[in-house]
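Taking it in order: structure first as structure tokens, then the write-up.
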Amino acid sequence: MYAEGSPCVAVDRVAMRYRVASTELPVQTNTRGHLWLSRRRSPRSNLVTVKALNELSLVVGRGESLGVIGRNGSGKSTLMKLVSGQIRPSSGAVYASSTPIMLGVNAALVPDLSGDQNVVLGCLAMGLSRDEIDHSFDTIVELSGLEKSIHLPMKSYSSGMSSRLRFAIAASVDPEILLVDEALNTGDAQFADRSKRRMDELREKAGCVLLVSHSVETITEMCTRAIWLDKGDLIMDGPPQKVTKAYRDFTRHLSKGNNVSASKILEESRANLVVTEVMERVPGLRKSEANGHA
Ligand SMILES: Nc1ncnc2c1ncn2[C@@H]1O[C@H](COP(=O)(O)OP(=O)(O)OP(=O)(O)O)[C@@H](O)[C@H]1O
Numbered sequence: 001m002y003a004e005g006s007p008c009v010a011v012d013r014v015a016m017r018y019r020v021a022s023t024e025l026p027v028q029t030n031t032r033g034h035l036w037l038s039r040r041r042s043p044r045s046n047l048v049t050v051k052a053l054n055e056l057s058l059v060v061g062r063g064e065s066l067g068v069i070g071r072n073g074s075g076k077s078t079l080m081k082l083v084s085g086q087i088r089p090s091s092g093a094v095y096a097s098s099t100p101i102m103l104g105v106n107a108a109l110v111p112d113l114s115g116d117q118n119v120v121l122g123c124l125a126m127g128l129s130r131d132e133i134d135h136s137f138d139t140i141v142e143l144s145g146l147e148k149s150i151h152l153p154m155k156s157y158s159s160g161m162s163s164r165l166r167f168a169i170a171a172s173v174d175p176e177i178l179l180v181d182e183a184l185n186t187g188d189a190q191f192a193d194r195s196k197r198r199m200d201e202l203r204e205k206a207g208c209v210l211l212v213s214h215s216v217e218t219i220t221e222m223c224t225r226a227i228w229l230d231k232g233d234l235i236m237d238g239p240p241q242k243v244t245k246a247y248r249d250f251t252r253h254l255s256k257g258n259n260v261s262a263s264k265i266l267e268e269s270r271a272n273l274v275v276t277e278v279m280e281r282v283p284g285l286r287k288s289e290a291n292g293h294a
């Protein structure tokens with residue numbers, strides 16, 4: 001399928017696997033063929049592979065707001081981390097027209113430094129000049145709502161206070177590619193209000209937005225397109241109303257214990273998925289002439 005407008009983000013056959021230690025005891029058979037659980041091996045030596053994201057391709061065009069929905073553990077945050085560059089894919093590649101900014105998490109801050117020192121550090125890390133930092137400093141501190149605590153070391157902050165500061169720093173630039181993982185927003189009601197206003201402003205200015213949310217209302221209200229992920233697979237990609245309806249029906253059937261009807265919805269949606277292919281640009285040809293793919 002063609003990407004709308006010029007591409008901002010292209011995810012090209014990206015997969016993500018983690019190798020982690022499991023405490024599950026390996027099942028082995030003894031000489032008589034009986035199954036037994038081995039307690040001799042240290043659990044640390046039992047490394048397992050977690051498939052967080054199976055091979056996925058996706059192109060997000062300028063002007064698009066892409067909502068990402070799916071059950072817990074379906075790979076939504078992993079996709080966002082891959083696009084933001086926080087993690088490298090096990091295979092495949094992510095291309096972006098400029099540095100994607102993940103609201104609230106990607107500022108590398110130092111716990112021993114005070115909030116205001118971290119504002120400067122975080123802004124420098126995002127490429128702001130000293131003049132730009134001076135210009136934005138008061139707005140960042142105000143948005144964080146930390147008041148006098150801004151002068152205390154960050155290690156003394158609650159997790160909500162730290163995430164407010166991270167959000168305020170990240171929100172000080174107007175990124176072309178904006179990533180929002182709603183699950184990471186841990187502010188109180190007053191902050192939620194302030195951060196939502198700033199997020200709306202940023203969304204309006206951004207070239208493209210990728211938004212993870214568990215709220216189908218948020219996705220239908222704010223996005224021009226949605227994808228549904230399940231167990232690391234891309235299940236559906238299309239208009240938010242259509243995708244959220246299928247996802248809602250799926251989860252409704254699951255919660256009633258109708259697993260067969262739920263998997264029917266999932267398989268039907270998967271079968272109708274039009275797979276994106278990221279094509280290399282052919283010199284001398286426009287994309288539309290180069291084999292008819294995005
Ligand atoms: N650092 C990690 N090490 C090992 N496994 C991981 C790691 N991060 C994520 N996973 C696994 O990858 C899978 C996808 O996780 P991910 O956080 O992307 O899901 P999610 O859709 O964002 O879930 P949620 O809705 O609960 O936030 C899960 O099975 C998770 O356990």
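By full-length UniProt numbering, the letter at position 279 of the sequence shown is numbered 279, and the numbering carries on one by one without gaps.
Positions of the beta carbon are idealized from the N, C-alpha and C atoms, including for glycine.
None of these values were measured; they are calculated from a predicted model.
Next item on the list: From the DSSP output, read off the bridge partner residues of K51.
Entry: Within the sequence shown, numbered from 1, the residue matching residue 51 stands at position 51. Per DSSP, R17.
Notebook entry, point to check: What residues in its chain sit with their C-beta under 7 angstroms from that of L254, if we drop five residues either side in the sequence?
Noted result: Looking up residue 254 in the sequence shown gives position 254. Correct list, in chain order: A262.
Next item on the list: Return yes when the Cβ of V94 is within less than 8 angstroms of the Cβ of V14, no when it is not.
Entry: Stepping through the sequence shown from its first residue, residue 14 is reached at position 14. Stepping through the sequence shown from its first residue, residue 94 is reached at position 94. Contact: yes.
Notebook entry, point to check: Where does G73 sit, in a helix, a strand or coil, going by DSSP?
Noted result: By 1-based counting over the sequence shown, the position of residue 73 is 73. Of the three classes helix, strand and coil, the one that applies to G73 here is coil, per DSSP.
Next item on the list: Flag this pair as touching only if the segment 206-221 and the segment 155-169 have three or more C-beta atom pairs under 8 angstroms; answer yes or no.
Entry: no
Checklist line | Sequence ranges, beta strand (DSSP E) only - wholly within the segment 210-263, length at least 3 | finding: 225-230, 233-238
Next item on the list: Tell me where the beta strand (DSSP E) around A93 begins and ends.
Entry: As a first step, residue 93 must be located in the sequence shown, where it is residue number 93. Taken as a continuous stretch (DSSP letters only), the beta strand (DSSP E) holding A93 covers 91-96.
Check: Beta carbon of G92: closer than 7 angstroms to some heavy atom of ligand 1?
Finding: Within the sequence shown, residue 92 is the residue found at index 92, counting from 1. For ligand 1, not one heavy atom lies less than 7 angstroms from the Cβ of G92.
Check: Buried or exposed: V60, going by 16 or more other Cβ atoms within 10 Å of its Cβ?
Finding: By one-based count along the sequence shown, residue 60 stands at place 60. That one is buried.
Check: Distance, Cα to Cα, V274 vs P239?
Finding: What you label residue 274 is simply residue 274 of the sequence shown in a count that begins at 1. What you label residue 239 is simply residue 239 of the sequence shown in a count that begins at 1. Between V274 and P239, the C-alpha separation is close to 13 angstroms.
Item checked: Span separating the alpha-carbon of V83 from that of L165 -> One-based indexing of the sequence shown puts residue 83 at position 83. One-based indexing of the sequence shown puts residue 165 at position 165. Approximately 22 angstroms between the Cα atoms of the pair.
Notebook entry, point to check: With distances taken from CA atoms, which of I87, P175, G127, S195 is nearest L53?
Noted result: Taking the first residue of the sequence shown as position 1, residue 53 is located at position 53. L53 has its Cα closest to that of I87, out of I87, P175, G127, S195.
Next item on the list: May I have the straight-line CA-CA distance separating C8 from S91, to the nearest angstrom?
Entry: Locating residue 8 in the sequence shown gives position 8, counting from the first residue. Locating residue 91 in the sequence shown gives position 91, counting from the first residue. In a straight line, the C-alpha of C8 is about 20 angstroms away from that of S91.
Item checked: Start and end residues, beta strand (DSSP E) containing L143 -> Indexing the sequence shown from 1 puts residue 143 at position 143. Taken as a continuous stretch (DSSP letters only), L143 belongs to no beta strand (DSSP E), being part of the alpha helix (DSSP H) at 130-144.
Notebook entry, point to check: In the structure shown, what three-state DSSP assignment does I87 receive?
Noted result: By one-based count along the sequence shown, residue 87 stands at place 87. I87: coil per DSSP, three-state reduction.
Next item on the list: Identify which residue in L113, L143, E201, D233 has its Cα closest to the Cα of R194.
Entry: Locating residue 194 in the sequence shown gives position 194, where the first residue counts as 1. Closest option to R194, Cα to Cα, is L143.
Check: Just the Cα atoms here: how many angstroms apart are P111 and L128?
Finding: Residue mapping note: residue 111 aligns to position 111 of the sequence shown, counting from 1. Residue mapping note: residue 128 aligns to position 128 of the sequence shown, counting from 1. For P111 and L128, the distance between alpha carbons rounds to 21 angstroms.
Next item on the list: Figure out for me which residue from I219, S57, H151 has the closest Cα to the Cα of D12.
Entry: Taking the first residue of the sequence shown as position 1, residue 12 is located at position 12. Selected option, being the one with the closest Cα: S57.
Notebook entry, point to check: Leaving out the 5 sequence neighbours to the left and right, which residues in its chain are closer than 8 angstroms to R17 when beta-carbon positions are compared?
Noted result: Here residue 17 refers to the residue found at position 17 of the sequence shown. Excluding positions up to five away in sequence, the list reads T49, V50, K51, A52, S90.
Margin query: So for V11, helix, strand or coil by DSSP?
Written below: Counting from 1 along the sequence shown, the entry for residue 11 is found at position 11. V11: strand per DSSP, three-state reduction.
Check: Would DSSP call D193 helix, strand or coil?
Finding: Start at 1 with the first residue of the sequence shown, and residue 193 comes out as number 193. In the structure shown, D193 sits in a helix (DSSP, three-state: H, G or I).
Check: Taking 7 angstroms as the line, does the beta carbon of G85 fall inside it for any heavy atom of ligand 1?
Finding: Counted from its first residue, the sequence shown places residue 85 at position 85. No, ligand 1 has no heavy atom inside 7 angstroms of this Cβ.
Check: If you measure from the CB of Y247, is any heavy atom of ligand 1 nearer than 7 angstroms?
Finding: Position 247 of the sequence shown holds residue 247. Not so, every heavy atom of ligand 1 lies at least 7 angstroms from the Cβ.
Notebook entry, point to check: Is the closest heavy atom of ligand 1 to the C-beta of A21 under 7 angstroms?
Noted result: Counting from one through the sequence shown, the residue named residue 21 turns up at place 21. For ligand 1, not one heavy atom lies less than 7 angstroms from the Cβ of A21.
Checklist line | T78: CB within 7 angstroms of a non-hydrogen atom of ligand 1 | finding: Position 78 of the sequence shown, counted from the start, is the residue given in the question as residue 78. Yes; taking the cut-off as 7 angstroms, the Cβ of T78 has a heavy atom of ligand 1 nearer than that.
Next item on the list: Can you tell me which of K81, E267, R248, L103 puts its alpha carbon nearest to the alpha carbon of L234?
Entry: As a position in the sequence shown, residue 234 is number 234, starting the count at 1. Of the listed residues, the one whose Cα sits closest to L234 is E267.
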